[in-house]
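As structure tokens, the structure follows; a few thoughts come after it.
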Amino acid sequence: MEYIQKMIRPFTDRSNYYVSQPNSFKRKESKHTHDPQQVLLYIKQIFFTLQTQQNVNMSFLNPNYFSDIQSDLNPEMRAQMIDEVHKLCTAHKAQRRTFHQTIYLLDVYLSTNRIFTAQIDSIYKTCYFVASKYEEIYPSPLWRYTYDRDEMQEIFQIEKELLSLLDFKLVTASSYVWLNYYWTIINIAEKTSNWLTYSLLLLDVAVYNINIIKYEPSKIACASLYTSAIMLNIQMNWNSFASQFGLHFQHEIKEISNLIMITLKDSVNQKREIVKHMQLQKEKELF
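For the sequence shown, the UniProt record's numbering begins at 1 and goes up steadily by one.
What follows is the structure, encoded as structure tokens:
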């Protein structure tokens, strides 16, 4: 536990990995009176909208797609694709929301279409291509990460298939969106500045575990808060805290929390891209 804490402590959300958005979680109504997501008056409507959208998103996912469909792929190959997505997000300074949207699109496509190893590059690039066009103000053009004309044509074809599969419904209530929502209503960032940073990191790490996708994103977001609170030794009665702010209770997220910790240890051992990024941040802080 101490080793993992040392590994993730240098991580900050102000890095080039994603565009910095920490202040969006620190609700100050005097500064955000024109932002409907920062006004408590709309909290109930936002919750029910996210809940509805979450159910729609879950309907497109098959948690068992490796055993049911993808005979040529395995979870390690999926993890390698996520590493490549991480590199694209880093190179193009994409938002964190774009990263999570890309992973969702990747899992949706793999849940319904059997692919071969030769298609791996085109698949994850297509998912990033679609996610960046939806989430980014200035999405990176396709020629910045593929130079082969045949691959471009394949990406356009996969894009058509993916959008048709989703019926062009690209709105995603991801775990990142849920964490944004929860942090807005908790509004205690001034007292625990590292809590959000740790939670965001755990969300990034959690996507590497294929077993995570069978859980609702709202529970994954709560599990990241719960796990990071344990790692930071924040003293609280989680069930009372959850009851106060409308979060999931401990018995609902305990299993997810264990999966997140296992994934974090595996990511450190296998030197995933997220871990390399943390090490780079540590070196920057030393000089």
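Backbone N, C-alpha and C define an ideal beta-carbon position, used for all residues, glycine too.
Helix, strand or coil at residue i [DSSP, three-state]
| i | result |
| --- | --- |
| P63 | coil |
| D83 | helix |
| E255 | helix |
| T172 | coil |
| K271 | coil |
| I46 | helix |
| Q53 | helix |
| D167 | coil |
C-alpha distance - residue i paired with residue j, whole-angstrom precision
| i | j | result |
| --- | --- | --- |
| N211 | P63 | 7 angstroms |
| A229 | Q119 | 40 angstroms |
| R114 | N237 | 45 angstroms |
| A242 | L225 | 11 angstroms |
| N258 | T197 | 19 angstroms |
| Q270 | D148 | 31 angstroms |
| W183 | Q153 | 41 angstroms |
| A79 | D266 | 11 angstroms |
| R144 | N239 | 48 angstroms |
| A91 | T146 | 13 angstroms |
| K44 | N57 | 20 angstroms |
| N155 | F245 | Residue identity check: residue 155 is Ile in the sequence provided, not Asn. Going from the Cα of I155 to the Cα of F245 covers about 43 angstroms. |
Pick from the options that is closest to residue i, judged by C-alpha positions
| i | options | result |
| --- | --- | --- |
| V177 | Y138, I213 and I46 | I46 |
| E136 | R97, W238, L170 and V205 | R97 |
| A94 | V56, I234 and P141 | P141 |
| L201 | E273, T117 and M81 | E273 |
| Q54 | I155, L247, T146 and Y215 | Y215 |
Residues of its chain near residue i, where Cβ-Cβ distance is below 7 angstroms and the 5 sequence neighbours each way are ignored
| i | result |
| --- | --- |
| T102 | V85, C127, Y128 and A131 |
| L61 | D107, V108, S111 and I213 |
| A223 | I253, I256, S257 and I260 |
| L105 | C127, V130, A131 and L162 |
| W195 | S228, A229, L232 and I234 |
| L41 | none |
Any C-beta of chain B under 8 angstroms from that of residue i
| i | result |
| --- | --- |
| Y42 | The structure shown contains no chain B; it holds only a single protein chain. |
Beta-carbon proximity list for residue i, same chain, < 8 angstroms, skipping 5 on both sides
| i | result |
| --- | --- |
| K133 | P139 |
| L50 | A173, V177, W178, Y181 and S218 |
| I69 | N62, L110, S111, T112, N113 and R114 |
| N74 | F66 |
| I123 | M81, L106, Y109, L110, I115 and I158 |
| T263 | V205, A206, Y208, N209 and I212 |
| M77 | T117 and I120 |
Sequence-distant residues of the same chain with beta carbon closer than 6 angstroms to residue i, five excluded per side
| i | result |
| --- | --- |
| F99 | C89 |
| L170 | Y134 |
| L247 | C222 |
Runs of beta strand (DSSP E) wholly within the stretch 90-162 (minimum 3 residues, chain order): Unbroken beta strand (DSSP E) stretches of 3 residues or longer found wholly inside the stretch 90-162: none.
Quick check for students: name the residue ranges of the alpha helix (DSSP H) that lie wholly in the UniProt domain "Cyclin-like" (177-265), counting only runs of 4 or more. Runs of alpha helix (DSSP H) with 4 or more residues, each lying fully within the UniProt domain "Cyclin-like" (177-265), are found at 193-206, 217-231 and 238-245, listed in chain order.
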